[in-house]
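Residue numbers for the sequence shown follow UniProt numbering, so the first one is 1 and each next one is one higher.
This report concerns only the one structure given below.
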Amino acid sequence: MEKLKVSSKYGTKLTFAETKVFNQDASHGLSHEELVYNLNKIHPRIIQYDNQTKKNIYIEHAVCGTNTGISCCGKTSRQSEFAPYGVGIVLYFQFLKFIALVLFFATLMSIPSYIFYFSGNSSALQQKNAKSILTAFSLGNIGQSQYACNSGQYNNQSQGNITLFCSFGTLDSITLFGQSLLAQNGSCQNDGVNIKYSPPSCNIDKFTDAQQDSIDVAFADQCKGNTTCNFLFDNTILPQTNCLISQPQSSYIYFVQAACKADEIDLLLRNNIFLTKEKVALIIVLLDIAICYVLYFSFQLLRTMQLATNQEILMRICRVLLRSTPNLANHEKLCRQSGGTALQIFFKAINSIQRQTFRYVPY
């Protein structure tokens with residue numbers, strides 16, 4: 001608004017006329033130019049002065065081109081373009097960048113552990129599904145190396161004879177045992193998931209605890225601890241109540257699967273480098289301890305650098321107003337009384353005020 005002076009025969013009076021600063025270039029009498037101006041004023045912008053137009057140019061901060069700094073020992077590396085907007089936004093972006101780098105290095109330090117997990121059990125990779133892949137990169141994958149599975153029939157002496165072999169490790173315990181028909185074309189692939197037991201009750205999972213114990217004792221006497229063995233069984237081991245026969249004996253086939261336990265792991269499963277599980281466990285523990293120390297000292301460094309950044313920003317945005325300072329006319333008198341120069345007195349006063357004003361209290 002500006003004042004206009006209007007004269008008349010009765011005297012002079014003041015009237016007000018509207019001064020348009022922004023063009024009404026939008027509908028309903030609104031101004032897009034004014035909207036852009038207000039956005040530039042209240043939002044973070046980089047201000048540059050244009051010598052040609054003699055006006056300020058407001059530029060938005062680039063997403064990838066803005067220097068946010070990082071919490072590091074160098075003072076220049078901690079400087080941020082967001083410092084004029086306060087301490088909080090500076091510490092926030094520097095924390096994100098710092099923690100991303102720390103977690104990245106912690107991930108790199110964890111890669112050897114995942115290699116050991118992957119090398120612990122080749123059987124986990126035989127099933128091509130997401131669960132098996134995730135299991136292959138877990139600590140439980142070091143438990144056993146693989147499975148030994150085979151099938152056989154009764155011989156003329158009414159006795160079953162099934163050969164088991166562990167390509168890595170030794171035979172440890174039975175995980176699958178049951179009776180099936182030859183016509184059902186069962187196999188040991190995929191841990192025997194396609195085996196159809198006949199009858200369904202002739203499956204070690206359906207046996208009683210006493211029946212399972214008798215099979216485990218027979219397997220332990222014949223095969224446990226060996227790389228290969230011939231597992232012999234007959235009707236005294238196979239429970240007749242669960243494994244009834246409705247067809248000739250030659251129509252049936254028996255499946256046995258045993259877990260192979262290994263005291264060593266084959267690194268990367270290439271049959272080249274073998275490590276005992278005791279050494280592997282020690283290496284994994286040392287790696288975990290190293291990662292914990294890295295995280296601890298990283299956060300201690302982050303805290304120290306954040307305190308330094310906080311003080312630096314506060315020192316830049318704060319100003320000290322010195323009141324009741326002596327006049328220039330009294331400088332010579334003060335110098336004679338104190339035995340020093342006026343400049344020395346001035347700097348002593350500044351240092352004293354700074355010690356009282358910029359004393360930092362951690363929050």
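Note that beta-carbon positions come from the ideal geometry of N, C-alpha and C, so glycine has one too.
Can you pull the DSSP bridge partners for residue i?
i: Asp266; result: Phe274
i: Asn203; result: Gly178
i: Ala259; result: Tyr147 and Ser173
i: Tyr252; result: Leu181
i: Tyr197; result: Ser180
Which residue comes first and which comes last in the beta strand (DSSP E) that contains residue i?
i: Phe93; result: No beta strand (DSSP E) contains Phe93, which is instead part of the alpha helix (DSSP H) from Val87 to Phe118.
i: Ile47; result: Ile46 to Asp50
i: Lys55; result: Lys55 to Ile59
i: Gln146; result: Gln146 to Gly152
i: Thr228; result: Thr228 to Phe233
i: Thr163; result: Gly160 to Phe165
Quick one: is residue i near chain B, going by C-beta distance under 7 Å?
i: Leu286; result: In the structure shown, chain B cannot be found, because there is only a single protein chain.
Can you tell me whether residue i is buried or exposed, with buried defined as 16 or more other CB within 10 angstroms of its CB?
i: Cys202; result: buried
i: Val280; result: buried
i: Ile59; result: exposed
i: Ile289; result: exposed
i: Ser246; result: exposed
i: Cys292; result: exposed
i: Val90; result: buried
i: Tyr197; result: buried
i: Ser250; result: exposed
i: Met305; result: buried
i: Gly65; result: exposed
i: Leu35; result: exposed
i: Lys13; result: Any reading at Lys13 is ruled out, since the residue's pLDDT is 48, under 50, leaving its predicted position unreliable.
i: Pro112; result: exposed
i: Gly88; result: exposed
i: Ile142; result: buried
i: Gly178; result: buried
i: Ile133; result: exposed
i: Ile273; result: exposed
i: Asn242; result: buried
i: Ser27; result: exposed
i: Ala262; result: buried
i: residue 365; result: Since the displayed the chain opens at 1 and closes at 363, residue 365 lies outside it and no answer follows.
i: Phe105; result: exposed
Quick check: residue i and residue j, are their CB atoms within less than 7 Å of each other?
i: Thr309; j: Arg45; result: no
i: Ile162; j: Phe231; result: yes
i: Tyr154; j: Ser138; result: no
i: Asp234; j: Gln159; result: yes
i: Leu244; j: Pro199; result: yes
i: Ile265; j: Ser119; result: yes
i: residue 392; j: Leu295; result: Any answer about residue 392 is impossible in this case: the structure gives the chain only from 1 up to 363.
i: Gln211; j: Pro248; result: no
i: Ser180; j: Ile195; result: yes
i: Ala83; j: Ile284; result: no
i: Ile57; j: Gln48; result: yes
i: Phe98; j: Leu302; result: yes
i: Asn23; j: Glu33; result: yes
i: Thr135; j: Ala259; result: no
i: Val63; j: Ser298; result: no
Along the alpha helix (DSSP H) that carries residue i, what are the first and last residues, could you check?
i: Asn38; result: His32 to Ile42
i: Phe219; result: Asp209 to Gln222
i: Leu134; result: Ala130 to Ala136
Contact between the segment 254-261 and the segment 174-189 (3+ Cβ pairs under 8 Å): Under the Cβ criterion (8 Å, minimum of three pairs), the segment 254-261 counts as touching the segment 174-189.
Would you call the segment 146-153 and the segment 166-176 touching, i.e. three or more CB-CB distances under 8 Å? They touch, by the three-pair rule.
Check whether the segment 93-113 touches the segment 54-69, taking contact to mean three or more Cβ pairs, one atom from each stretch, closer than 8 Å. Output reads yes: the segment 54-69 touches the segment 93-113.
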